[in-house]
Amino acid sequence: MGDIRVKDKYTVKEGLLYTKESEWVLQEGDIWIYGLSNYASVELGELAYVELPAVGDTFGNEDSMGIVEALKAVVDFYSPFDCEVVEVNSDLEDDASPITEDCYGEGWILKLKATGPIDHLFNIEDYVKLIEKKIEEGSH
Numbered sequence: 011m012g013d014i015r016v017k018d019k020y021t022v023k024e025g026l027l028y029t030k031e032s033e034w035v036l037q038e039g040d041i042w043i044y045g046l047s048n049y050a051s052v053e054l055g056e057l058a059y060v061e062l063p064a065v066g067d068t069f070g071n072e073d074s075m076g077i078v079e080a081l082k083a084v085v086d087f088y089s090p091f092d093c094e095v096v097e098v099n100s101d102l103e104d105d106a107s108p109i110t111e112d113c114y115g116e117g118w119i120l121k122l123k124a125t126g127p128i129d130h131l132f133n134i135e136d137y138v139k140l141i142e143k144k145i146e147e148g149s150h
């Protein structure tokens, strides 16, 4: 299928799973790489700051794990599932711009170990439908 463009503005990357809050995860062995989707980063705009959790912190599904401060807003980012933080992208503490400029690459935020189910996450097709619905409702 490949990556999907939505409204010629947002890119949804194939091979990832997504949350309803527009975060993405990619499984590599028993570790999950986590970041904000292109939809979330475009809507936030230029980022000024990111507050990251510590390695070893544990979170329940949909718990706030940290904060992203943009020129437009300050928002929490949420746990995609019950998890433990095993690595943080500490480069983002000095420069949060990779989250916007390369959200699916250098802009990854955390590496997580899942400690609970993941079956509530969206595949690419369902996540595209979610974005289209948010755009249609004007909640983007």
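When we follow my numbering, the leftmost residue of the sequence shown carries the number 11, and every step to the right adds one.
Backbone N, C-alpha and C define an ideal beta-carbon position, used for all residues, glycine too.
Small disclaimer: the values here were computed from a predicted structure and weren't measured.
ask   = By Cβ distance, which residues of its chain are closer than 6 Å to THR68, with the 5 residues on each side in sequence left out?
value = Here residue 68 refers to the residue found at position 58 when the sequence shown is read from its first residue. Only GLU94 meet the Cβ criterion.
Please name the residue or residues paired with LEU120 in a DSSP beta bridge. By 1-based counting over the sequence shown, the position of residue 120 is 110. BP columns for LEU120 point to TYR44 and VAL98.
_On the criterion of 16 or more Cβ atoms from any shown chain inside 10 Å, does GLY55 qualify as buried, or is it exposed?_
In the sequence shown, the residue the question calls residue 55 occupies position 45. With fewer than 16 other Cβ atoms within 10 Å, it is exposed.
Check the DSSP bridge columns for PHE87 and list the partner residues they point to.
Within the sequence shown, residue 87 is the residue found at index 77, counting from 1. Paired residues: GLY76.
What first and last residue would you give for the beta strand (DSSP E) that runs through ILE14?
Working through the sequence shown from its first residue, we reach residue 14 at position 4. First-last of the beta strand (DSSP E) with ILE14: 14-16.
Under the assumption that GLU33 contacts TYR88 (Cβ atoms under 8 Å), give the Cβ distance between them as a whole number of angstroms. What you label residue 33 is simply residue 23 of the sequence shown in a count that begins at 1. What you label residue 88 is simply residue 78 of the sequence shown in a count that begins at 1. Between TYR88 and GLU33 the Cβ distance is about 7 Å, and since that is below 8 Å, they are a contact.
Among all the DSSP beta bridges, which residues are the ones paired with TYR59? The residue given as residue 59 occupies position 49 in the sequence shown. In the DSSP output, where bridge partners are listed per residue, TYR59 has GLU79.
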